[in-house]
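Just below is one structure, and these are the notes that go with it.
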Amino acid sequence: MKTRLANIKLLLLDVDGVLTDGGITYSDSGDQIKTFHSRDGFGLRLIMDSGIRVGIITGRKSKALEYRCENLGITLLFDGIKDKLTAFEKITSQTGIMPEQIAFVGDDLMDLPVMKRVGVSFCVSDACQDVKNHSDIITKQKAGHGAVREICESILKAKGLWDAILNKYLS
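Sequence positions in the sequence shown follow my numbering and run 206 to 376.
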């Protein structure tokens with residue numbers, strides 16, 4: 206698995222139930238309110254600063270997600286997607302990155318078609334059981350509570366980049 210992780214050039218993520226805990230809150234005006242974990246965001250920044258691209262494929266559209274992606278510098282955003290596999294194929298075509306060089310993180314059934322096509326499939330510890338059954342790696346952390354950070358670190362460690370990142374903060 207370490208070799209497959211070391212080969213990753215693009216990390217794709219679902220949002221609700223991966224970057225968030227899966228809860229969806231609506232304001233009185235109908236706006237969606239999402240809570241994102243700061244350590245997940247920092248992990249994504251570390252991985253992007255290390256030359257690994259990050260993208261989003263999610264079924265739901267929200268301004269909160271757009272703001273989060275803008276804040277993190279994620280420009281590969283496919284939201285409001287009903288067919289995630291079609292979006293995945295568009296991403297591979299646009300980026301030229303081969304499926305085996307891509308990791309995808311999901312939590313529910315609609316993520317399985319993409320999870321079956323990538324080099325490494327992750328799911329969060331509180332994903333539905335059928336997704337866990339078809340994942341290469343299941344995180345220890347729950348969705349929206351550091352699972353994405355855990356994934357970022359595992360990729361960076363497999364690539365041999367983690368020690369240099371850590372030492373930058375220790376010196």
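Beta carbons: idealized from backbone N, C-alpha and C, even for Gly.
The model shown is predicted, which means the values in this text are computed figures rather than measured ones.
Quick one: what's got a C-beta closer than 6 Å to residue i's C-beta in the same chain, skipping five residues either side?
i, result
"Cys-274", "Leu-282"
"Gly-352", "Note on residue identity: the sequence assigns Ala, not Gly, to residue 352. Excluding sequence neighbours, Ala-352 sits near Val-329, Thr-344, Gln-346."
"Ala-363", "Lys-207, Leu-210, Ala-211"
"Cys-333", "Asp-313"
"Phe-293", "Val-319"
"Ile-302", "Lys-214, Leu-215"
Should residue i go down as buried or exposed, given a rule of 16 or more other Cβ atoms within 10 Å for buried?
i, result
"Met-206", "exposed"
"Ser-267", "buried"
"Asp-254", "exposed"
"Gln-306", "buried"
"Gly-256", "exposed"
"Gly-235", "exposed"
Beta-carbon within less than 8 Å of residue i's beta-carbon, same chain only, minus the 5 sequence neighbours each way: which residues are those?
i, result
"Ala-308", "Leu-210, Ile-213, Leu-215, Leu-216, Leu-217, Val-323, Gly-324, Val-325, Ser-326, Phe-327, Ile-356, Ile-360"
"Thr-280", "Cys-274"
"Tyr-231", "Gln-237, Ile-238"
"Val-336", "Gly-311, Asp-312, Asp-313, Leu-314, Asp-316, Leu-317, Met-320, Cys-328"
Assuming residue i contacts residue j under a Cβ cut-off of 8 Å, what Cβ separation, rounded to an integer in Å, is found between them?
i, j, result
"Lys-347", "Asp-226", "7 Å"
"Ile-262", "Lys-289", "5 Å"
"Leu-251", "Ile-370", "6 Å"
"His-242", "Gly-365", "So it is not a contact: roughly 26 Å between Cβ atoms."
Which residues in the same chain as residue i place their Cβ atom closer than 7 Å to its Cβ, once the five residues preceding and following it in sequence are excluded?
i, result
"Lys-239", "Thr-225, Ser-267, Ala-269, Leu-270"
"Leu-277", "Gly-246, Leu-249, Arg-250"
"Pro-304", "Thr-297, Arg-322, Val-323, Gly-324"
Within this structure, are the beta carbons of residue i and residue j separated by less than 8 Å?
i, j, result
"Asp-312", "Gly-222", "yes"
"Met-315", "Ser-340", "no"
"Arg-265", "Asp-284", "yes"
"Gly-228", "Arg-354", "no"
Report task. For the stretch 216-289, list the alpha helix (DSSP H) runs that are entirely contained and at least 4 residues long, ordered along the chain. Result -> Listed in chain order, the complete alpha helix (DSSP H) runs (minimum 4 residues) inside the stretch 216-289 are 243-254, 268-277.
Report task. Run through the stretch 286-321 for me and flag every whole alpha helix (DSSP H) of 4 or more residues, listed as ranges in chain order. Result -> 289-300, 317-320
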